[in-house]
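Engineer:
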Amino acid sequence: MTMDRQPDRATLSLRVVDAIQSIPAERWDALAETAPGGEEQPKPANPFLSHAFLSALEDSTCVGERAGWIPQHLVLEDSEGAIRAIAPAYLKSHSQGEYVFDYGWADAFQRAGGRYYPKLQLSVPFTPATGPRLLVGPDEEAGLYRHALVQGLEAYCDQTGVSSAHATFLTDADLAVMEASEWLHRTDQQFHFFNRGYESYGDFLEQLASRKRKNLRKERASAIENGIEIEWLTGSDLTERAWDAFYEFYMDTGSRKWGRPYLNRRFFSLISERMADRILLVMARRQGRYIAGALNFIGADTLYGRNWGCIEDHPFLHFEVCYHQAIDFAIEHKLAVVEAGAQGQHKIARGYEPVTTHSSHHIRHPGLRAAVADYLEAERMEVDEIGAILGGHTPFRKGD
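If you count by this note's numbering, then the sequence shown holds residues 41 to 440, one letter each, in order.
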């Protein structure tokens, strides 16, 4: 598909591709915010924007027509056919797996006689992690390319008749260009750990109030008191046996929590083949077998916690495997931040702090747009107020 509406400069054109494999991995990764490490084999700082991760989702059919996530990646090219920018996008027939909830908008619009689905989604499927959605690389024309991609997204909606386009978990640069194009701004909250140069977990604990410090020490000891051992698996340690165990945890917990887990077993094998050095499995073992685990991805300066599961219930084991071990790993490997996924005010007591996340929404129908705009104005105020309150309840010593 080629877009009729052209960017500001006649030398640029837009097309839509329905498979990431249509785009060379080297070019994709070069545009997806290259991390330090050399120009010959660029690695995106955010692992979820890598060709390896997104292609694993497509190749495993975790995304696709049956999943209701149809790839519709926008590609911006110059007059010689060179790819200058990309917007990873998906045509959605539902609102599942997004973590920014618009079910109420869809229901209201459909009750009023409108058709909310399909919609266009700019996000990493099933992944509530902030990162670039307009992949422009370090080019000096990055501002122009972002603007052209936003124009292309709007043109896609106009030409296909879809109700809306939604870009979630945005960076500041992407949010700014969408706001300039009068997309609607939405905020939400997550909880992140910030490594302020700690040399050890004990060093971090020293920054906490005495009672909070004592509680966390007791919690961590209780989590492993039933003969539980914790392992970190990454790189070549990520065997198919380990993935079999983790997938059992994932399916058990996911089936009870969501009804239908989003990821299949093949996906885990593919990411293990393609990006093992950017994966951390924190696994809990008891009496010679794995009983719980948490999947994390390693970025340039951030550890991203994603999925958790278990087949045995033990007090505080979830907190140990998902949150405390992530902090340990970040401190040991000099990572600046741990993003532990969506929601969860219980993370505050474990040293995680409230952070505002951002999304942007282009809605074609004037009436629906006006109603959503009013709602978002009130919601942003509420998110700000709650964030201020929660920020006063962190376990750190007051006055430091």
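Built from N, CA and C at the ideal position, the CB exists for glycine as well.
As the structure is a prediction and not an experimental result, all values here were calculated from the model.
(1) Counting only C-beta atoms, is Asp-243 closer than 8 Å to chain B at any point?
(2) Kindly provide the ranges of any alpha helix (DSSP H) runs that are 4 or more residues long and lie completely inside the segment 206 to 262, ordered along the chain.
(3) Measuring straight from C-alpha to C-alpha, what distance separates Pro-76 and Asp-317?
(4) Please report the Cβ distance between Tyr-196 and Leu-116, rounded to the nearest whole angstrom; I am assuming they are in contact, meaning their Cβ atoms lie under 8 Å.
(5) Can you list, in chain order, the residues of its chain whose CB lies under 6 Å from that of Gly-78, leaving out five sequence neighbours each side?
(6) Ala-122: which of Tyr-156, Pro-64 and His-232 sits nearest, CA to CA?
(7) Return the chain-ordered ranges of every beta strand (DSSP E) run that is complete within the segment 328 to 403 and spans a minimum of 3 residues.
(8) Buried or exposed: where does Met-421 fall if 16 or more other Cβ atoms within 10 Å of its Cβ makes it buried?
(9) Looking at the ligand FMN, does it come within less than 7 Å of Ser-204, judged from the CB to the closest heavy atom?
(10) Which whole-angstrom value is the C-beta distance of Ile-110 and Leu-175, which I expect to be below 8 Å?
(11) Am I right that Ala-84 and Glu-73 are in contact with their C-beta atoms under 8 Å? What's the rounded C-beta distance?
(12) Taking the alpha helix (DSSP H) that Gln-59 belongs to, which residues open and close that run?
(13) Starting from Tyr-143, trace the alpha helix (DSSP H) in both directions and tell me its first and last residue.
(14) Among residues of its own chain, excluding the 5 on either side of Val-164, which ones have a beta-carbon nearer than 6 Å to its beta-carbon?
(15) Which of the three DSSP states, helix, strand or coil, is assigned to Ile-426?
(16) At which residue ranges does the segment 80 to 127 contain complete alpha helix (DSSP H) runs of 4 or more residues, listed in the order of the chain?
(17) Tell me whether Ala-75 sits in a helix, a strand or coil according to DSSP, three-state version.
(18) Distance check for Asp-118 and Asp-44, CA to CA, integer angstroms please.
(19) Would Glu-288 and Thr-342 qualify as a contact pair, given that the criterion is a beta-carbon distance under 8 Å?
(20) In this structure, does DSSP put Leu-52 in helix, strand or coil?
(21) Should Ile-426 go down as buried or exposed, given a rule of 16 or more other Cβ atoms within 10 Å for buried?
(22) Measuring straight from C-alpha to C-alpha, what distance separates Gly-108 and Gln-136?
(23) Keeping to the same chain, check which residues put their C-beta closer than 6 Å to that of Ala-92; ignore five residues upstream and five downstream.
(24) What span of residues does the beta strand (DSSP E) with Ile-311 cover, start to end?
(25) Quick one: using the 10 Å Cβ neighbour count with 16 as the cut-off for buried, is Pro-406 buried or exposed?
(26) In angstroms with no decimal places, state the Cα-to-Cα distance between Asp-443 and Leu-273.
(27) Give me whichever residues DSSP pairs with Ser-204 in a beta bridge.
(28) Could you say which of Arg-55, Leu-54, Thr-51 and Lys-438 lies nearest to Gln-247 if we only look at CA atoms?
(29) State yes or no: is the C-beta of Gly-294 within less than 8 Å of the C-beta of Gly-349?
(30) Please work out which residues of its chain come closer than 7 Å, Cβ to Cβ, to Phe-356, disregarding the five sequence neighbours upstream and downstream, and give them in chain order.
Structural biologist: The answer reads as follows:
(1) The structure shown contains no chain B; it is built from a single protein chain.
(2) Taken in chain order, the unbroken stretches of alpha helix (DSSP H) that lie wholly in the segment 206 to 262 and span 4 residues or more are 212 to 220 and 241 to 245.
(3) Numbered from 1 along the sequence shown, position 36 holds the residue referred to as residue 76. Numbered from 1 along the sequence shown, position 277 holds the residue referred to as residue 317. For Pro-76, the predicted model reports a pLDDT of 46, less than 50, meaning its position is unreliable and no value from the coordinates is stated.
(4) The count along the sequence shown starts at 1 and reaches residue 196 at position 156. The count along the sequence shown starts at 1 and reaches residue 116 at position 76. Going by Cβ atoms, the distance from Tyr-196 to Leu-116 rounds to 13 Å, so no, they are not a contact pair.
(5) What you label residue 78 is simply residue 38 of the sequence shown in a count that begins at 1. For Gly-78, the pLDDT reaches just 45, beneath the cut-off of 50, and the residue's location in the model is therefore unreliable, although a value from the coordinates is still provided. The beta carbon of Gly-78 sits closer than 6 Å to no other beta carbon from its chain once the five residues preceding and following it are set aside.
(6) In the sequence shown, the residue the question calls residue 122 occupies position 82. Taking the Cα of Ala-122 as reference, the smallest distance to any Cα among Tyr-156, Pro-64 and His-232 is reached at Pro-64.
(7) Taking only runs of at least 3 residues, the beta strand (DSSP E) segments lying wholly in the segment 328 to 403 are 329 to 338, 342 to 350, 377 to 382 and 393 to 403.
(8) Looking up residue 421 in the sequence shown gives position 381. The Cβ neighbour count for Met-421, taken over all protein chains shown within 10 Å, is under 16; the residue is labelled exposed.
(9) Ligands are entirely absent from the displayed structure, and the ligand FMN is therefore not among its contents.
(10) As a first step, residue 110 must be located in the sequence shown, where it is residue number 70. As a first step, residue 175 must be located in the sequence shown, where it is residue number 135. That pair is no contact at about 19 Å.
(11) Here residue 84 is taken as the residue at index 44 of the sequence shown, counted from 1. Here residue 73 is taken as the residue at index 33 of the sequence shown, counted from 1. Note that residue 84 is Pro in the sequence shown here, rather than Ala. The Cβ separation is near 5 Å, so the contact holds.
(12) Here residue 59 is taken as the residue at index 19 of the sequence shown, counted from 1. As written in the sequence, residue 59 is Ala, which differs from the Gln given in the question. For Ala-59, no alpha helix (DSSP H) encloses it, and the DSSP letter there is neither H nor E.
(13) Looking up residue 143 in the sequence shown gives position 103. For Tyr-143, the enclosing alpha helix (DSSP H) starts and ends at 143 to 151.
(14) For the purposes of this step, residue 164 is taken as residue 124 along the sequence shown, with counting starting at 1. Scanning its chain for C-beta atoms nearer than 6 Å, with the 5 sequence neighbours on each side dropped, one finds around Val-164 the residues Phe-88, in chain order.
(15) Along the sequence shown, one-based indexing puts residue 426 at 386. Three-state DSSP puts Ile-426 in a helix.
(16) Runs of the alpha helix (DSSP H) lying entirely within the segment 80 to 127 and spanning at least 4 residues, in chain order: 91 to 99.
(17) Here residue 75 corresponds to residue number 35 of the sequence shown, with the count starting at 1. Because the pLDDT of Ala-75 is 48, which lies under 50, any placement of that residue in the model is unreliable, and the question is left without a value.
(18) Working through the sequence shown from its first residue, we reach residue 44 at position 4. Working through the sequence shown from its first residue, we reach residue 118 at position 78. With a pLDDT of 48 at Asp-44, under the threshold of 50, the modelled position of that residue is not reliable, and no figure is offered here.
(19) Numbered from 1 along the sequence shown, position 248 holds the residue referred to as residue 288. Numbered from 1 along the sequence shown, position 302 holds the residue referred to as residue 342. Between Glu-288 and Thr-342, the C-beta spacing is not below 8 Å.
(20) As a position in the sequence shown, residue 52 is number 12, starting the count at 1. Looking at Leu-52 - three-state DSSP - the assignment turns out to be coil, as it is neither helix nor strand.
(21) Locating residue 426 in the sequence shown gives position 386, where the first residue counts as 1. With fewer than 16 Cβ atoms within 10 Å of its Cβ, Ile-426 is classed as exposed.
(22) Position 68 of the sequence shown holds residue 108. Position 96 of the sequence shown holds residue 136. Going by C-alpha positions, Gly-108 is about 9 Å away from Gln-136.
(23) As a working mapping, residue 92 is identified with position 52 in the sequence shown. Annotation for Ala-92: Arg-314 and Met-315 place their beta carbon closer than 6 Å to its own, counting only its chain and skipping 5 residues before and after.
(24) Position 271 of the sequence shown holds residue 311. In the DSSP assignment, Ile-311 falls outside any beta strand (DSSP E) and lies within the alpha helix (DSSP H) extending over 305 to 315.
(25) By one-based count along the sequence shown, residue 406 stands at place 366. When all chains shown are included, Pro-406 counts as exposed.
(26) The chain is shown only over 41 to 440; residue 443 falls outside these bounds and no answer can be derived.
(27) To locate residue 204, count along the sequence shown from 1; it is residue 164. In the DSSP output, where bridge partners are listed per residue, Ser-204 has Ile-403.
(28) Residue mapping note: residue 247 aligns to position 207 of the sequence shown, counting from 1. The option with the nearest alpha carbon to Gln-247 is Lys-438.
(29) The count along the sequence shown starts at 1 and reaches residue 294 at position 254. The count along the sequence shown starts at 1 and reaches residue 349 at position 309. For the 8 Å CB-CB criterion, Gly-294 and Gly-349 form a contact.
(30) Position 316 of the sequence shown, counted from the first residue, corresponds to residue 356. Within the same chain, Glu-259, Ser-262 and Ala-263 come within 7 Å of Phe-356 by CB-CB distance, once the 5 residues on both sides are set aside.
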